[in-house]
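Numbering (the UniProt record's numbering), first residue to last: 1 to 414. Structure first, commentary second.
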């Protein structure tokens, strides 16, 4: 792995920057709402539109990366994401009132297009780079840690930049994308493709066969990825709103508080990625433990509305999700052969983006139903993920039967 540290560093910059691009505006959403005179639901759509377009395009980007190569898709995607951020950032320079909102929404849509071909393609590329499953799992842990570190950094950086001028977080995105673009161009050496991509008809038949053989646990992992992102972004939206409206916390201090549960998520993801190795049964049970922690913490918040208790429970919830994500990444990446890896992991990324898109608007509506209702509902969603993982993901069975022909080694958003 030592001779690929530069590649990993460059690739880890992509989820970091894509996460900053999607999450950095969360602490300034109330500020944007006041500035542009739009509702809480409308402003939540700045998160949702970014994710919705990615949902639609991620599977296409995955197939194209299988056919033409990973870097060929990642590089233009970073350029498009940067352009989208720049458009959102300069909107207020050329328009006024609600027109600014619609221009920003358009910029976020462009960002989502770029995001579709960036972070989700990193997972299969990491899987392509190593022949040893343990190295793959460890490297995916680094990638997921970078992703979660972006979530830790985003509320702090977003609040800091937003305290200067509200639209500066948008303007930071093209700068960050350009930095990542240079790293990918000069440091990432994509492995040579050992076989030609299949024609689309044959490819679709192979995908259909894969889902017939492995669909049970693949669908479960897709749903779990979606639920995890729903919980993360929904809870962040809730906490951002509450800190500002009820506790009068703004700016960097608010960002620091938002970062606390995310820091727990980041640390848990890093250590889980290091420990799971290539043991798929361990991956499953790590996921179960993480989801049980998250579910229990969310149910606990439903009973008490004290802000200190809420944050303490969210630390536990964040740590739980941090255990789940690298385990799910490794299960899905190491369970798929190389020629299909980009497509399948991209569908997984698309499902994660669905969670991102649903979290803020659903939570914004549930807040009106009351604190207990809100957290009992989202805890119930988390409980569904526990049941799916326990009942549908059986690595020991999947290893014994229904395997497709192996590539040189077992294979590997939002």
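Idealized CB from N, CA, C, for every residue including glycine.
Rounded to whole angstroms, the gap between the alpha carbons of residue 213 and residue 336 is 11 Å. With respect to the C-alpha of residue 301, the residue from 29, 278, 240 and 373 having the closest C-alpha is 373. When 187, 191, 297 and 8 are compared, the shortest CA-CA separation from residue 380 is found for 297. When secondary structure is reduced to three states using DSSP, residue 166 falls in the coil class, being assigned neither helix nor strand.
Of the other Cβ atoms in all chains shown, 16 or more fall within 10 Å of the Cβ of residue 241; this residue is therefore buried. In the three-state DSSP reduction, residue 393 falls in the coil class, being neither helix nor strand. For the options 221, 44 and 11, the alpha carbon positioned closest to that of residue 238 is the one of 44. The segment 262 to 275 makes contact with the segment 305 to 318; the number of CB pairs closer than 8 Å reaches 3 or more. Its chain contains 45, 46 and 49 as the residues whose beta carbon lies nearer than 8 Å to that of residue 105, once the 5 sequence neighbours on both sides are disregarded; these appear in chain order. For the pair of segments examined, the segment 203 to 210 was found not to touch the segment 96 to 112: the number of CB pairs separated by less than 8 Å stays below three.
Under the 8 Å Cβ criterion, the segment 121 to 132 does not count as touching the segment 248 to 255, having fewer than three qualifying pairs.
For residue 12, the secondary structure class from DSSP, reduced to helix, strand or coil, is helix. Spatial neighbours of residue 189 in its own chain (CB-CB distance under 7 Å, excluding positions within 5 residues in sequence) are listed in chain order as 7. In chain order, 141 and 145 place their CB closer than 7 Å to the CB of residue 270, counting only its own chain and leaving out the 5 sequence neighbours on each side. Between the alpha carbons of residue 276 and residue 101 lies a distance of about 44 Å.
Between residue 17 and residue 180, the CB-CB gap stays under 8 Å. Per the Cβ contact rule, the segment 347 to 364 is not in contact with the segment 278 to 287 (fewer than 3 Cβ pairs under 8 Å).
By the C-beta criterion, the segment 214 to 234 is judged to be in contact with the segment 385 to 394, since at least 3 inter-stretch pairs fall below 8 Å. A straight-line Cα-Cα distance of about 29 Å links residue 369 and residue 288.
When the Cα atoms are used, residue 364 and residue 131 turn out to be separated by approximately 45 Å.
Our two residues, residue 308 and residue 255, have alpha carbons roughly 16 Å apart in a direct line. Within the same chain, and ignoring the five residues on either side of residue 73 in sequence, the residues whose Cβ sits closer than 6 Å to its Cβ are 61, 64, 65, 117 and 121. Between the alpha carbons of residue 69 and residue 311 lies a gap of roughly 43 Å. Boundaries of the alpha helix (DSSP H) around residue 43: 40 to 68. Taking 8 Å as the cut-off, the Cβ atoms of residue 231 and residue 20 do not count as close.
In the displayed model, residue 24 falls within coil according to three-state DSSP, outside both helix and strand.
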